[in-house]
Amino acid sequence: MSDHIDTLDDLNKHIPLKQKLTSAHQVIKKKLPFVARIAIAIYDQDTRVLKTFIHSSDETTPLENYHALIDDAPSLKGILNQGRPRVINNFLTFDHNDNEHNKRLGRAGYAASYTMPIFNNGDFVGFVFFNSFQSGVFDEHALSQLDVFGHLISLLIISEISNIQTLAAALKTSGKITHLRDPETGSHLDRMSRYSRLIASALADKYQLEDDYIEHIFMFSPLHDIGKIGIPDDILMKPARLEPNEMEIMKSHTVKGREIIDEILHNFGLDAVDYVNILRNIAEFHHESVNGAGYPAGKIGDEIPLEARIVAVADIFDALTSRRVYKHAWTNEAAFHALHQLAGEKLDQDCVKALLENVEEIEKIQQQFKQDCYG
Numbered sequence: 030m031s032d033h034i035d036t037l038d039d040l041n042k043h044i045p046l047k048q049k050l051t052s053a054h055q056v057i058k059k060k061l062p063f064v065a066r067i068a069i070a071i072y073d074q075d076t077r078v079l080k081t082f083i084h085s086s087d088e089t090t091p092l093e094n095y096h097a098l099i100d101d102a103p104s105l106k107g108i109l110n111q112g113r114p115r116v117i118n119n120f121l122t123f124d125h126n127d128n129e130h131n132k133r134l135g136r137a138g139y140a141a142s143y144t145m146p147i148f149n150n151g152d153f154v155g156f157v158f159f160n161s162f163q164s165g166v167f168d169e170h171a172l173s174q175l176d177v178f179g180h181l182i183s184l185l186i187i188s189e190i191s192n193i194q195t196l197a198a199a200l201k202t203s204g205k206i207t208h209l210r211d212p213e214t215g216s217h218l219d220r221m222s223r224y225s226r227l228i229a230s231a232l233a234d235k236y237q238l239e240d241d242y243i244e245h246i247f248m249f250s251p252l253h254d255i256g257k258i259g260i261p262d263d264i265l266m267k268p269a270r271l272e273p274n275e276m277e278i279m280k281s282h283t284v285k286g287r288e289i290i291d292e293i294l295h296n297f298g299l300d301a302v303d304y305v306n307i308l309r310n311i312a313e314f315h316h317e318s319v320n321g322a323g324y325p326a327g328k329i330g331d332e333i334p335l336e337a338r339i340v341a342v343a344d345i346f347d348a349l350t351s352r353r354v355y356k357h358a359w360t361n362e363a364a365f366h367a368l369h370q371l372a373g374e375k376l377d378q379d380c381v382k383a384l385l386e387n388v389e390e391i392e393k394i395q396q397q398f399k400q401d402c403y404g
């Protein structure tokens with residue numbers, strides 16, 4: 030019998046992805062003690078935006094809640110175009126130290142980095158960054174070891190994202206795709222999910238929100254109305270105002286959504302997906318009101334999970350500014366006024382303020398994901 034202990038055994042455990050990354054970092058530091066930080070950024074192909082996701086440092090990261098167009102980071106774009114890693118052994122002499130990403134790392138005292146692109150079957154997913162406070166440390170010996178760990182970490186990231194994509198596909202497919210039966214269709218989901226991320230990012234400092242929490246809100250928010258799978262067509266698609274008894278049936282989509290999510294998580298073996306309670310809370314509680322007049326539980330104020338409060342604002346704003354068969358699209362100004370009126374009554378004041386203080390970003394999202402003839 031051997032007394033050998035698997036130093037990477039934590040990667041087999043049902044623990045959060047960030048905890049797995051931190052555990053892998055500890056193993057790396059035993060071999061390469063100068064590696065001070067490992068960070069992951071993931072890529073949104075629709076918007077070409079690169080976003081911070083998770084990191085292994087116990088200290089405040091210089092890139093918390095950071096996102097930028099890949100086109101504004103020429104050295105990173107070069108990695109993507111070439112499909113090869115990048116070594117910077119001295120930030121002071123690096124040619125592209127004028128972009129915000131490298132400026133922040135430099136101000137935090139980092140002197141060198143090794144960056145590996147993450148690909149999944151040829152599709153670009155993001156980057157793994159290994160950072161050091163020491164210059165000149167990423168020699169061939171160190172790089173050969175980090176290549177192995179980098180690919181291992183990449184597989185962890187790909188697995189997490191793939192699980193979420195599988196979950197989303199399963200949820201949508203199980204109801205013949207909810208938003209094909211619902212007037213609120215594809216472009217609505219693209220916009221409201223990005224409004225949700227915008228709100229969460231703006232609240233990050235106040236609520237101490239980490240990047241992976243924010244990103245999971247973005248990934249899960251399009252599934253907020255999954256429970257509408259269980260609503261009869263004559264109610265879901267009714268072009269007129271619902272009768273009281275019909276409204277009660279419509280309201281049941283929140284509880285049905287939670288039940289469907291739990292069933293699919295179990296059947297597909299996806300219970301281990303990080304932050305899955307965010308998904309449950311969004312589906313069940315996005316129609317709660319901060320004054321207690323919402324449904325299904327009549328929760329008040331902070332009793333409503335933050336992710337549900339965020340999605341409620343994003344969903345209502347996009348509903349107001351979108352064209353429907355029964356109404357014209359409101360102007361942004363009219364919708365802003367309505368949100369002000371609802372703040373503190375139906376909607377969370379912090380979430381409303383967070384959205385309305387980012388008008389320029391709202392307009393960018395609307396321009397990129399314009400409403401088509403189907404909504």
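Anchor point for the sequence shown: position 94 equals 123 in the numbering used here, and the numbering is continuous, going up by one each time. The C-beta atom is built at its ideal place from N, Cα and C for all residues, glycine as well.
Check: Reduced DSSP category for residue 300 - H, G, I as helix; E, B as strand; rest coil; Outcome: coil
Check: Residues that residue 195 bridges to, as DSSP identifies them; Outcome: DSSP lists no partner for residue 195.
Check: 6 Å CB neighbourhood of residue 374 in its chain, flanking five on each side removed; Outcome: 320
Check: Alpha-carbon to alpha-carbon, residue 81 and residue 95; Outcome: 6 Å
Check: Secondary structure, beta strand (DSSP E): runs of 3+ residues fully inside the region 243–308; Outcome: none
Check: Nearest-angstrom beta carbon gap, residue 147 and residue 186 [assumed within contact, 8 Å]; Outcome: 6 Å
Check: Continuous beta strand (DSSP E) stretch holding residue 435: start and end; Outcome: The first residue shown for the chain is 30 and the last is 404, placing residue 435 beyond what the model contains.
Check: Neighbour-count burial assignment, residue 136, 16 or more Cβ in a 10 Å radius; Outcome: exposed
Check: Cβ-based burial, residue 107 [other Cβ within 10 Å; buried from 16]; Outcome: exposed
Check: CA-to-CA distance, residue 193 to residue 221, given in whole angstroms; Outcome: 18 Å
Check: Residue 86 (DSSP reduced to helix, strand or coil); Outcome: coil
Check: Residue 284 to residue 309 span [Cα, whole Å]; Outcome: 10 Å
Check: Burial state of residue 362 (16 or more Cβ within 10 Å); Outcome: exposed
Check: Sub-9 Å separation of residue 49 and residue 40 beta-carbons; Outcome: yes
Check: Where residue 144 falls, given that 16 or more other Cβ within 10 Å makes a residue buried; Outcome: buried
Check: Residue 392 in three-state terms, based on DSSP; Outcome: helix
Check: Per DSSP, cross-strand counterpart(s) of residue 157; Outcome: 69 and 145
Check: Between the CA atoms of residue 175 and residue 276 - distance to the nearest angstrom; Outcome: 57 Å
Check: Exposure label - residue 161; buried when at least 16 CB within 10 Å; Outcome: buried
Check: Exposed unless 16 or more other CB atoms sit within 10 angstroms - verdict on residue 351; Outcome: buried
Check: Check whether residue 43 and residue 301 have beta carbons under 9 Å apart; Outcome: yes
Check: Local conformation of residue 241 per DSSP, three classes; Outcome: helix
Check: Unbroken alpha helix (DSSP H) run spanning residue 97, endpoints; Outcome: Careful: residue 97 lies outside any alpha helix (DSSP H), inside the beta strand (DSSP E) at 96–98.
Check: Cβ-Cβ separation, residue 85 to residue 51 (assumed contact under 8 Å), whole Å; Outcome: 5 Å
Check: C-beta contact flag for residue 312 and residue 286 at 9 Å; Outcome: yes
Check: Closest residue to residue 242 among 288, 264, 278 and 306 (Cα-Cα distance); Outcome: 306
Check: Three-state secondary structure (DSSP) of residue 152; Outcome: strand
Check: Residue 338 - containing alpha helix (DSSP H), residue span; Outcome: 335–349
Check: Reduced DSSP secondary structure (H/G/I, E/B, other) of residue 118; Outcome: coil
Check: C-alpha distance - residue 233 paired with residue 340, whole-angstrom precision; Outcome: 15 Å
Check: Check whether residue 317 and residue 324 have beta carbons under 9 Å apart; Outcome: yes
Check: Integer Cβ distance of residue 105 from residue 156, believed to fall under 8 Å; Outcome: 7 Å
Check: Buried or exposed by the 16-neighbour rule on C-beta atoms within 10 Å, applied to residue 59; Outcome: exposed
Check: Supposed contact pair residue 255 and residue 342 - C-beta distance, whole angstroms, cut 8 Å; Outcome: 19 Å between Cβ atoms; not a contact.
Check: Beta carbon of residue 236 nearer than 9 Å to that of residue 335; Outcome: yes
Check: Through-space distance from residue 390 to residue 370, alpha-carbon basis; Outcome: 22 Å
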